[in-house]
Every structure is written in C-alpha cells, then in structure tokens.
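S.K.:
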Amino acid sequence: MKKTPFISMLHRDEKAFYYGLGEKEMKLVSTHALSKADVTAFFHTHWGSPEMVNSHGTFRCDELEGFAVTDEKSDIKGLITYFIAGNECEVVSLDSVVENKGIGSLLLQEVERVSKRKQCKSIKLITTNDNMRALMFYQKRGYTLAELYVNAVDKARKVKPEIPFVADNGIPIRDEILLVKDLA
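Using the UniProt record's numbering, the first residue of the sequence shown is number 1, and each one after it goes up by one.
1) List the DSSP bridge partners of D95.
2) Among residues of its own chain, excluding the 5 on either side of I173, which ones have a beta-carbon nearer than 8 Å to its beta-carbon?
3) Beta-carbon within less than 6 Å of A146's beta-carbon, same chain only, minus the 5 sequence neighbours each way: which residues are those?
4) Within 10 angstroms of the Cβ of I171, are there 16 or more other Cβ atoms? Answer buried if so, exposed if not.
5) With DSSP as the reference, label A85 as helix, strand or coil.
6) Closer than 8 Å is the cut-off here; do at least three beta carbon pairs connect the segment 132-145 with the segment 28-44?
7) Kindly give me the distance between the Cβ atoms of Y82 and V92, rounded to whole angstroms, as I take these residues to be in contact under 8 Å.
8) Which of the three DSSP states, helix, strand or coil, is assigned to I7?
9) Return the Cβ separation of E51 and T58 in integer angstroms, given the expectation that the two are a contact with Cβ distance under 8 Å.
10) Would you mind listing the beta strand (DSSP E) stretches within the segment 96-147 that are 3+ residues and don't spill past its ends, in chain order?
11) Leaving out five residues before and five after C120 in sequence, what residues of the same chain have Cβ atoms less than 8 Å from its Cβ?
12) Bridge partners for S49 per DSSP, in chain order?
13) At the level of alpha carbons, what is the spacing between F6 and E63?
14) Under three-state DSSP, which class holds K73?
15) Determine the burial state of G48: buried for a count of at least 16 other Cβ atoms within 10 Å of its Cβ, exposed for fewer.
16) How big is the Cα-Cα spacing for L79 and L34?
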C-alpha cells in the first residue's frame, strides 16, 4: 500500500503557509492571492471551463472561495473551491495536478479547518459515479455516502453539454453521489 509523503509546515508569512512536500517546497495560498486569469486558466485546462454544474446548482469556480498549492515557480499544482451557507460547507471542486503527493489532502484539510473555525456542522460535496479515485479518497478521510442522484448528469449536460458521456475508465457518467463529513 502506498503511503502519502510526509507534509510538514516549514514556515508561514502573512499570505501563505510553506510546506515541505517530498524534496520540494510548496505554498498553500488563498485563491484570492492568485491572479484571476491563472485560476480561470486552471479550470479551462482541467474542466473545459470554470463553470461547474451539479444537482446543487451552477457555480463559477473562479469566483468561489478557495485555496491552491503552488510550486516554486508559482504554478498551480492543486486547487479547491468551496462556499459556506448557514452551518454547512460545500466543496465544489478539488483538483490535484500531481496525485499521491498529499496535495489534495492538504487542500481538503485546509477547507475543513476553515469550516470548523466558521462553526460549520458538516462539509458536503458531490462526485460522479465513475470517479472511483475520488470515492476512495473522500471515504478514507471520513466522508460518508449520503445520497444518490440517479441520472443527475443528464440534467447537468443540458446546462453544460461538454460533460463527457463515458469516463476514461470506461464507466458511463450518469449519477451523482453526495458525500458528507460531520464536523461536530
């Protein structure tokens, strides 16, 4: 079984936390510290557009709260977006350019930390039925399957027709799965 590399906080300043990730230093920053053009370009590269559509609505990821992990050249290596409504936090997107290095875990932990500080009772997120890596990732971090939205992706395609019908792993992309983690 692979282990996630040890991530240690090296130092911080008023704008960022600096982490040792393997042999490299990475920086955890608010997406507001990045140029909007860089954040928008990241979503165009990884999602086709900054627009995310799911059963809970249509979101402009480049306009949401978020955090990013950047490398020594300030290239984005991972990015998470979220919003808080009432006493719930919803993660809208989580992407790691380099997997199995702890970047996704670090980003998710930061949103959990902020959510607790803002007295949220839970964090929720949606993924699709084909995304086995995401389902494993979130469940290993304490998220539970809460709801299944059958054929929800068909509805999302009416708003965002570029959503593929079949994933790279050959599984038809049809359903959405809500995962929840209690913070109380």
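Glycine residues also receive a C-beta, built at the ideal position from the N, C-alpha and C atoms.
Bear in mind the structure is a predicted one, so any value in this text is a computation, not a measurement.
M.R.: With the structure as the only source:
1) Stepping through the sequence shown from its first residue, residue 95 is reached at position 95. D95 pairs with L79.
2) Position 173 of the sequence shown holds residue 173. Excluding residues within five positions, the ones whose Cβ falls inside 8 Å are T128, N129, D130, V153, I163, P164, F165, V166, A167.
3) Translated into positions along the sequence shown, residue 146 becomes position 146. Answer for A146: L178, V180, listed in chain order.
4) As a working mapping, residue 171 is identified with position 171 in the sequence shown. The residue is exposed, with fewer than 16 neighbouring Cβ atoms inside 10 Å.
5) To locate residue 85, count along the sequence shown from 1; it is residue 85. Strand, per DSSP.
6) no
7) Residue 82 sits at position 82 when you count from the first residue of the sequence shown. Residue 92 sits at position 92 when you count from the first residue of the sequence shown. Y82 to V92, Cβ: 6 Å. Contact.
8) One-based indexing of the sequence shown puts residue 7 at position 7. Bear in mind that the predicted position of I7 carries a pLDDT of just 42, short of 50, making it too unreliable to give a figure here.
9) Within the sequence shown, numbered from 1, the residue matching residue 51 stands at position 51. Within the sequence shown, numbered from 1, the residue matching residue 58 stands at position 58. About 6 Å separates the CB atoms of E51 and T58; that is less than 8 Å, so the two are in contact.
10) Uninterrupted beta strand (DSSP E) stretches at least 3 residues long and entirely within the segment 96-147 occur at 122-128, given in chain order.
11) Within the sequence shown, residue 120 is the residue found at index 120, counting from 1. The residues are I84, N87, E88, C89, L183.
12) Position 49 of the sequence shown, counted from the first residue, corresponds to residue 49. In the DSSP output, where bridge partners are listed per residue, S49 has none listed.
13) In the sequence shown, residue 6 corresponds to position 6, counting from 1. In the sequence shown, residue 63 corresponds to position 63, counting from 1. For F6, the pLDDT reaches just 39, beneath the cut-off of 50, and the residue's location in the model is therefore unreliable, leaving the point undetermined.
14) Residue 73 sits at position 73 when you count from the first residue of the sequence shown. In this structure, K73 counts as coil in the three-state DSSP scheme.
15) Locating residue 48 in the sequence shown gives position 48, where the first residue counts as 1. With fewer than 16 other Cβ atoms within 10 Å, it is exposed.
16) The residue given as residue 79 occupies position 79 in the sequence shown. The residue given as residue 34 occupies position 34 in the sequence shown. Answer to the nearest angstrom: the Cα atoms are 11 Å apart.
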